[in-house]
Amino acid sequence: MKYFDKLLIANRGEIAIRVMRACRELRIETVAIYSTLDKNALHVQYADEAFHVGEAPPSKSYLNKERIVDIAKKSGCEAIHPGYGFLAENAKFAKLCTDEGIIFVGPSWKTIEAMGSKIGSKKMMKEAGVPVMPGTEGAIQNEYEAEKVADSVGYPVIIKASAGGGGIGMQIVRDKSELFNAINAGMRIAESAFGDSTVFVEKYFDKPRHIEFQILADEHGSTVHLYDRECSIQRRHQKLVEEAPCPIMTDELRERMSGSAIAAARAADYTNAGTVEFLYNNGEYYFMEMNTRLQVEHTITEFITGIDIVKNQLAIAAGEPLQFSQSDINIRGHAIECRINAEDPLNNFSADPGKILKYRSPGGPGIRLDSGIHMGYTIPAVYDSMIAKLCAWGYNRPEAIDRMRRAISEYVILGVKTTLPLHAAIMHNQHFIEGDTHTHFLQEEHFSKTAQRYMREEEARIQTLGLSLRHGKEVAAITAAVNTYIAGRGSRKD
Ligand code: MV4
Numbered sequence: 001m002k003y004f005d006k007l008l009i010a011n012r013g014e015i016a017i018r019v020m021r022a023c024r025e026l027r028i029e030t031v032a033i034y035s036t037l038d039k040n041a042l043h044v045q046y047a048d049e050a051f052h053v054g055e056a057p058p059s060k061s062y063l064n065k066e067r068i069v070d071i072a073k074k075s076g077c078e079a080i081h082p083g084y085g086f087l088a089e090n091a092k093f094a095k096l097c098t099d100e101g102i103i104f105v106g107p108s109w110k111t112i113e114a115m116g117s118k119i120g121s122k123k124m125m126k127e128a129g130v131p132v133m134p135g136t137e138g139a140i141q142n143e144y145e146a147e148k149v150a151d152s153v154g155y156p157v158i159i160k161a162s163a164g165g166g167g168i169g170m171q172i173v174r175d176k177s178e179l180f181n182a183i184n185a186g187m188r189i190a191e192s193a194f195g196d197s198t199v200f201v202e203k204y205f206d207k208p209r210h211i212e213f214q215i216l217a218d219e220h221g222s223t224v225h226l227y228d229r230e231c232s233i234q235r236r237h238q239k240l241v242e243e244a245p246c247p248i249m250t251d252e253l254r255e256r257m258s259g260s261a262i263a264a265a266r267a268a269d270y271t272n273a274g275t276v277e278f279l280y281n282n283g284e285y286y287f288m289e290m291n292t293r294l295q296v297e298h299t300i301t302e303f304i305t306g307i308d309i310v311k312n313q314l315a316i317a318a319g320e321p322l323q324f325s326q327s328d329i330n331i332r333g334h335a336i337e338c339r340i341n342a343e344d345p346l347n348n349f350s351a352d353p354g355k356i357l358k359y360r361s362p363g364g365p366g367i368r369l370d371s372g373i374h375m376g377y378t379i380p381a382v383y384d385s386m387i388a389k390l391c392a393w394g395y396n397r398p399e400a401i402d403r404m405r406r407a408i409s410e411y412v413i414l415g416v417k418t419t420l421p422l423h424a425a426i427m428h429n430q431h432f433i434e435g436d437t438h439t440h441f442l443q444e445e446h447f448s449k450t451a452q453r454y455m456r457e458e459e460a461r462i463q464t465l466g467l468s469l470r471h472g473k474e475v476a477a478i479t480a481a482v483n484t485y486i487a488g489r490g491s492r493k494d
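The opening residue of the sequence shown carries number 1 in the numbering used here; numbering runs sequentially from there.
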């Protein structure tokens, strides 16, 4: 069944390749766009056709709505897949596609717009019977109203931007005396970041878990969930490790939360793939936001359900009904994803772009690697630092952890610093192994001490090797050194 003849992927890196893989399996021709800096990138080589979209800065290329739609029309594409980031949740872009007769692979622009307002979506969910966090109903009118609400829900409270996301502008208030300043700070940041100073107040939960449900909804009224993901290990609101299913999920809790996720999707008149995010705290869960895009971590849900989410996105966008009902969807095993970023975890995660001097990717049983990099590739500084997603599936969670450890020990990326040593440390951390994670896991004392030691050892090994690499020693010495390095890592006794 051919859903489209030709489709444009308005993205770059690993997610562009991921979407192209689904298209290739469905015999849909692919059109890539690339900025001047991405001329030789893997996603350009993988596509059937490729067009230069503009200069390196995203505003001139991957965010250039009109240029992208123009390329889609000129190249004869019926549809555009936005990936994640860039224009994926931009209602104006989705509307422009629709107005120009091009199918936007995602929900309607109206749904994207509605979910973009945290206050509006929260109100919608509350009316749909979805648990929301205690706090103000709508926008704060003035500090005095906020003070009354804060007194009623109790401190600590959090000030959030309605037009916000990703935690930008959030102000945590632990004492009444800080409230007014926090509101003004939150409004100022919201205004400058989103052009909308609207803020609201909620009860703040100190160490919650971030649990989310994958949703698939067709255009004929069928809405299903593809189970849960735990995404608590984050840094500055950027997820680093995700797993499916959530390690503390019970049948009863899943029954309740999935019911809320489906209700949220129906209330939002949702179609295509989406994610309902909840905060979980001591047996209670609360709606946080609905993401109207394919998520980075869709991979682990594909691993445990065997369902190709991108192919289903394309089918839904082409008007096809879902080929399965909720009772057809079962999960098997456990999957973990580690985001490999070109950042230095020992230097406050500062970005470390540059040329990849030695590259050897992991593989074998239960391993999936989605990446946009290769030997000799130069990681640009101007885009997101994530260069690969390393996923491991196991018959159960312990096996998934064992496999992830093995894959990390096989993965060699030299020439740039990466988060691989951090992930090695997490996979060996007792609290993680016991499933005891929350949104401030990385800041916890128990983690940072052992992790630092772990990462320093790892860094030292890479450094010695890295130095030889940087001094341009002949390939033989490099290969011998890499083999020693890998052998050394594989045999380490923990
Ligand atoms: C919260 C919260 C605790 N209490 N809201 C909202 C945006 C999302 N990316 C993070 N958000 C949170 N909202 C209430 N009422 C905790 C988070 C949160 C978080 C907050 C601060 C630092 C890191 C965090 C990681 C995940 C979730």
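From the three backbone atoms N, C-alpha and C, an ideal C-beta is built for every residue, glycine too.
Inter-residue spacing [alpha-carbon to alpha-carbon] between residue i and residue j
{"i": "ALA72", "j": "ASN341", "result": "31 Å"}
{"i": "ASN11", "j": "ASN291", "result": "18 Å"}
{"i": "PRO353", "j": "GLY376", "result": "13 Å"}
{"i": "ALA114", "j": "GLU410", "result": "44 Å"}
{"i": "ARG235", "j": "ALA182", "result": "22 Å"}
{"i": "ALA185", "j": "GLY169", "result": "8 Å"}
{"i": "HIS446", "j": "CYS231", "result": "19 Å"}
{"i": "ILE28", "j": "GLY195", "result": "39 Å"}
{"i": "TYR395", "j": "GLU89", "result": "35 Å"}
{"i": "GLN45", "j": "ALA407", "result": "26 Å"}
{"i": "LYS473", "j": "GLY415", "result": "In this predicted model, LYS473 has a pLDDT of only 47, less than 50, meaning its place in the structure is not dependable; the value taken from the coordinates is given anyway. Looking at the two C-alpha atoms, the distance is approximately 13 Å."}
{"i": "LYS110", "j": "THR299", "result": "27 Å"}
{"i": "TYR3", "j": "ALA16", "result": "18 Å"}
{"i": "ALA451", "j": "ALA139", "result": "41 Å"}
{"i": "VAL497", "j": "GLU219", "result": "Lying before the first or after the last residue shown, residue 497 is absent from the chain, which here runs from 1 to 494."}
{"i": "ILE80", "j": "VAL241", "result": "29 Å"}
{"i": "THR136", "j": "MET124", "result": "14 Å"}
{"i": "PHE278", "j": "GLY116", "result": "16 Å"}
{"i": "VAL53", "j": "PHE324", "result": "38 Å"}
{"i": "SER192", "j": "ARG403", "result": "44 Å"}
{"i": "PRO421", "j": "PRO345", "result": "8 Å"}
{"i": "LEU7", "j": "ILE158", "result": "42 Å"}
{"i": "ASP5", "j": "ASP328", "result": "29 Å"}
{"i": "THR198", "j": "GLU297", "result": "30 Å"}
{"i": "ARG332", "j": "ASP151", "result": "46 Å"}
{"i": "ILE9", "j": "LYS39", "result": "15 Å"}
{"i": "ARG24", "j": "LYS449", "result": "46 Å"}
{"i": "ALA161", "j": "PHE200", "result": "7 Å"}
Residue i CB to nearest heavy atom of ligand 1 below 8 Å
{"i": "PHE194", "result": "no"}
{"i": "ILE119", "result": "no"}
{"i": "LYS73", "result": "no"}
{"i": "LEU179", "result": "no"}
{"i": "SER162", "result": "no"}
{"i": "GLN234", "result": "yes"}
{"i": "ILE183", "result": "no"}
{"i": "MET386", "result": "no"}
{"i": "TYR286", "result": "yes"}
{"i": "THR439", "result": "yes"}
{"i": "LYS123", "result": "no"}
{"i": "PRO208", "result": "yes"}
{"i": "GLY166", "result": "yes"}
{"i": "GLY135", "result": "yes"}
{"i": "PHE200", "result": "no"}
{"i": "LYS176", "result": "no"}
{"i": "TYR155", "result": "no"}
{"i": "TYR204", "result": "yes"}
{"i": "GLU289", "result": "yes"}
{"i": "TYR170", "result": "The residue you asked about is not Tyr; residue 170 is Met in the sequence shown. Checking the Cβ of MET170 against ligand 1 gives yes."}
Rounded Cβ spacing between residue i and residue j (contact assumed at less than 8 Å)
{"i": "VAL130", "j": "ALA264", "result": "5 Å"}
{"i": "ILE356", "j": "ILE413", "result": "6 Å"}
{"i": "PRO208", "j": "ASP228", "result": "At roughly 15 Å, the Cβ-Cβ gap does not stay under 8 Å, so PRO208 and ASP228 are not in contact."}
{"i": "CYS97", "j": "PHE104", "result": "4 Å"}
{"i": "SER222", "j": "LEU322", "result": "5 Å"}
{"i": "VAL382", "j": "LEU37", "result": "7 Å"}
{"i": "GLN313", "j": "ASN272", "result": "6 Å"}
{"i": "MET65", "j": "PHE93", "result": "Contrary to the premise, residue 65 reads as Lys rather than Met in this sequence. Yes, they are in contact, since the Cβ atoms of LYS65 and PHE93 sit about 5 Å apart, within 8 Å."}
{"i": "ILE426", "j": "ILE233", "result": "7 Å"}
{"i": "GLY106", "j": "ARG293", "result": "6 Å"}
Strand pairing of residue i, partner residues [DSSP]
{"i": "GLY394", "result": "HIS334"}
{"i": "SER258", "result": "Beta-bridge pairing links SER258 to no other residue."}
{"i": "GLY274", "result": "ILE215"}
{"i": "ASP228", "result": "PHE213"}
{"i": "ALA32", "result": "ILE9, ALA50"}
{"i": "TYR359", "result": "ILE413"}
Alpha helix (DSSP H) runs contained entirely in the stretch 81-158, provided each spans 4 or more residues: Taking only runs of at least 4 residues, the alpha helix (DSSP H) segments lying wholly in the stretch 81-158 are 91-99, 109-115, 118-127, 143-153.
Could you give the uninterrupted runs of the beta strand (DSSP E) lying entirely in the stretch 283-354, keeping only those of 3 residues or more? Along the stretch 283-354, the beta strand (DSSP E) occurs as fully enclosed runs of 3 or more residues at 284-291, 334-341, listed in sequence order.
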